[in-house]
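Residue numbers (this note's numbering), protein chains in the order written: chain A, 1 to 262; chain B, 1 to 263. Working notes, beginning with the structure itself.
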Amino acid sequence: MAGSFWRRALLPLGTLVGLILLWQACCMIFRIAPYTLPQPWDIARRMAEDGPRLLDQTWSTLRLALKGIGLGIAFGVVSAVLFHLIPGVRAALSPIIIITQNIPLIALGPLLIIWFGFGILPKLILLALVCYFPIAWSMLAGLGQAAPHLREYLAMIGASRFEVLRRLELPASLPYLFSGLKITATYSITAAIVAEWLGASEGIGHYLVLKSKGYDTTGVFAAIVCIVTLSLAFYGLAVLLERFAIRWRPERATAAEGGKAS
Amino acid sequence: MSDGASRAKLRLENISKSYVRKGRRFLVLDDLSLTVGEGEFVTLLGPSGSGKSTLFRLIGGVERPDAGRVYLDGADTTGRRGQISYMPQQASLFPWMSVAANISSALATAGIERRRAAALAEEWLGRVGLGDVAGAYPHVLSGGMQQRVSFLRALLMPRGVMCLDEPFAALDALTRADMQAWLLQLWEEERRSVLFVTHSIEEALTLSDRIYVLSPAPARVLREIRVPFPRPRRQEVWTEPAFVSLKQEVLELLSQRGAAHGV
């Protein structure tokens, strides 16, 4: 027990602390200029001094990212179900969706600002586009993955299409939905930063632009720490939600009872 | 067949079905006719791969026969779903639903009002000694217990005929004997019309009123056997001399046809 705790928590934590100490030592020994690489100690001090502002900016980014995830889940789940239920829709629309996924955010962002102004709308569109794809595609895969013997059972007792969806396909797709959500959770933060970078008056992305333009490398690092923390927190939240929503044991790879069709 | 034809709960008339695989036609069921009377336990006995599960899909309306009709209570239900209750070979319980919810949601599909379905499930789980696991997820149950839940789910569906597709095939010998005794007792109390599929001769002789012995594919009825043992039947029925001679008869019937694996 102690051994596994050591390996799972203390070892990676120790490595991280060691690296930071090494970084600190290098900066001090080689007298590296703060605008090239600030000392971890300076970054920590800056974060403490600038705490309220950083917290404020982070909070604003968090709200934006949450809105994006919400939109992504809503559109993703609805469209996955529609694609699954109506044959042909998926084939017709998936090229367009895949094309939108391959336009670089850096190119798309300014375009959206030209079309929709500097308000919240272009940012939300950008975020929704990013958050939508992992949710929709993993859920769509999940809807088609329901165990064949359960499908057969429902067919034999005469369940309707809607019942098959509600009782079998939707619950069976939940684990897939959550693996999509975990990807989206971290994507959403990155997308929110890009959106703020392109044009915003608040948010940690905006803060990052200000500090970077002023050659305040220490400030940039402070922002990075906030962003990473936020990403990790989102990922952790998705994992927690998953544990809460999926309380039955994930089905074993194949049914151990064996199955033979005649 | 004396009482079967007129009061038949389920009647299959001249059913034929073939599949096309790799451009070739395979006949699976060849002009099959059978009946299940009201409150009768009828078994289809045949070697593995003799198209028994295909026959069930036809009765369940999931597929249509190439020729022939399916009648339930005298009405033609060929190709119509939702007419029978069904117990598959694998327990097929939904892993995200509690044991009780697995039963009650199936009853809701069969048209029973939700609250009554939940009450029925609760009541019957208690009655067969599974009350303690009503709220548990299926994966905590043993294979035998899962099959009990699956049987109960089929039994409680308000439908004329229960179709049981090799329900004990995946269980170990001891659990299987246990399940047969359990099923025998429960069925003799309830007397539902049952069509049971197995490839175990002992199981067929222990449980059934009548047995249709099927040939290897394409399946035809080789013989219809009326099982003479009285009800209520004990599980020790296999010790009777008549049991042994019937078993002998079926074995010969199947081995003549080159079915080496007729257990």
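We treat Cβ as the ideally placed atom computed from N, Cα and C, and that holds for glycine. Since the model is a prediction, treat every value here as computed from it, not as a measurement.
Simplified DSSP state of residue i, which is helix, strand or coil
i	result
residue 156 of chain A	helix
residue 223 of chain B	strand
residue 51 of chain B	coil
residue 41 of chain B	strand
residue 35 of chain B	strand
residue 115 of chain B	helix
residue 313 of chain B	Within the shown structure, residues of chain B are numbered from 1 to 263, placing residue 313 of chain B beyond reach of any answer.
residue 27 of chain B	strand
residue 4 of chain A	helix
residue 35 of chain A	coil
residue 116 of chain A	helix
residue 214 of chain B	strand
residue 141 of chain B	coil
residue 22 of chain B	coil
Alpha-carbon spacing of residue i relative to residue j, whole angstroms
i	j	result
residue 187 of chain A	residue 226 of chain A	15 Å
residue 154 of chain A	residue 218 of chain B	27 Å
residue 251 of chain B	residue 50 of chain B	16 Å
residue 99 of chain A	residue 112 of chain A	16 Å
residue 245 of chain B	residue 203 of chain B	15 Å
residue 130 of chain B	residue 92 of chain B	17 Å
residue 27 of chain A	residue 89 of chain A	58 Å
residue 211 of chain B	residue 55 of chain B	15 Å
residue 236 of chain B	residue 76 of chain A	60 Å
residue 267 of chain A	residue 95 of chain B	No information on residue 267 of chain A is available, as it lies outside the stretch 1 to 262 that chain A covers here.
residue 214 of chain A	residue 36 of chain A	13 Å
residue 302 of chain B	residue 168 of chain B	Shown here, chain B extends from 1 to 263; a query on residue 302 of chain B therefore has no answer.
residue 170 of chain A	residue 95 of chain A	25 Å
residue 206 of chain B	residue 231 of chain B	11 Å
residue 258 of chain A	residue 171 of chain B	Unreliable placement is indicated for residue 258 of chain A, whose pLDDT of 37 sits below 50; no coordinate value is reported for it.
residue 106 of chain A	residue 66 of chain A	21 Å
residue 63 of chain B	residue 81 of chain B	9 Å
Interface residues of chain A facing residue i [CB-CB closer than 8 Å]
i	result
residue 145 of chain B	In chain order: nothing, as chain A lies at least about 12 Å away.
residue 106 of chain B	157
residue 157 of chain B	157
residue 88 of chain B	149, 152, 153 and 156
residue 83 of chain B	158
DSSP beta-bridge partners of residue i
i	result
residue 76 of chain B	B:71
residue 8 of chain B	B:37
residue 162 of chain B	B:85 and B:194
Residue i: contacting residues in chain B (beta-carbon distance under 9 Å)
i	result
residue 243 of chain A	Within chain B, no residue comes near residue 243 of chain A; the closest Cβ sits about 14 Å away, beyond 9 Å.
residue 171 of chain A	94, 95, 96 and 97
residue 161 of chain A	The contacting residues do not exist; residue 161 of chain A stays about 11 Å from chain B at best.
Proximal chain B residues relative to residue i, where beta-carbon distance stays under 8 Å
i	result
residue 139 of chain A	None at all; the shortest Cβ gap to chain B is about 16 Å.
residue 150 of chain A	92 and 94
residue 41 of chain A	Per Cβ cutoff of 8 Å: no residues; residue 41 of chain A is ~51 Å from chain B at best.
Within chain A, the residues that residue i reaches when beta carbons sit closer than 7 Å
i	result
residue 62 of chain B	155 and 156
Chain-ordered neighbours of residue i on chain A, where CB pairs are closer than 9 Å
i	result
residue 110 of chain B	157 and 158
| said: Taking 8 Å as the cut-off, does the stretch 119-135 of chain A touch the stretch 192-200 of chain A (at least 3 CB pairs, one atom from each stretch)? | reply: Pairwise C-beta distances place the stretch 192-200 of chain A in contact with the stretch 119-135 of chain A, as three or more of them are shorter than 8 Å.
| message | If contact is defined by three or more beta carbon pairs under 8 Å, each pair taking one atom from either stretch, is the stretch 204-224 of chain A in contact with the stretch 41-50 of chain A? | response | Enough Cβ pairs lie closer than 8 Å, so yes.
| task | Answer yes if the stretch 68-83 of chain B comes into contact with the stretch 210-224 of chain B, meaning at least three C-beta pairs across the two stretches below 8 Å, and no otherwise. | result | Between the stretch 210-224 of chain B and the stretch 68-83 of chain B, the count of C-beta pairs closer than 8 Å stays below three; the two stretches do not touch.
| query | Between the stretch 147-164 of chain A and the stretch 205-216 of chain A, do at least 3 Cβ pairs fall closer than 8 Å? | reply | The count of Cβ pairs closer than 8 Å, one atom from the stretch 147-164 of chain A and one from the stretch 205-216 of chain A, stays below three, leaving the stretches out of contact.
| query | Counting Cβ pairs closer than 8 Å, one from the stretch 81-98 of chain B and one from the stretch 164-178 of chain B, do we hit at least three? | reply | Remark: three or more beta-carbon pairs, one from each stretch, lie closer than 8 Å, so the stretch 81-98 of chain B and the stretch 164-178 of chain B are flagged as touching.
| field | Validate contact between the stretch 115-130 of chain B and the stretch 96-103 of chain B using beta carbons, cut 8 Å, 3 pairs | value | Yes, they touch.
| Any contact of the stretch 170-183 of chain A with the stretch 231-243 of chain A, i.e. 3+ C-beta pairs under 8 Å? | As far as the Cβ criterion goes, the stretch 170-183 of chain A touches the stretch 231-243 of chain A, which means the pair count is three or higher.
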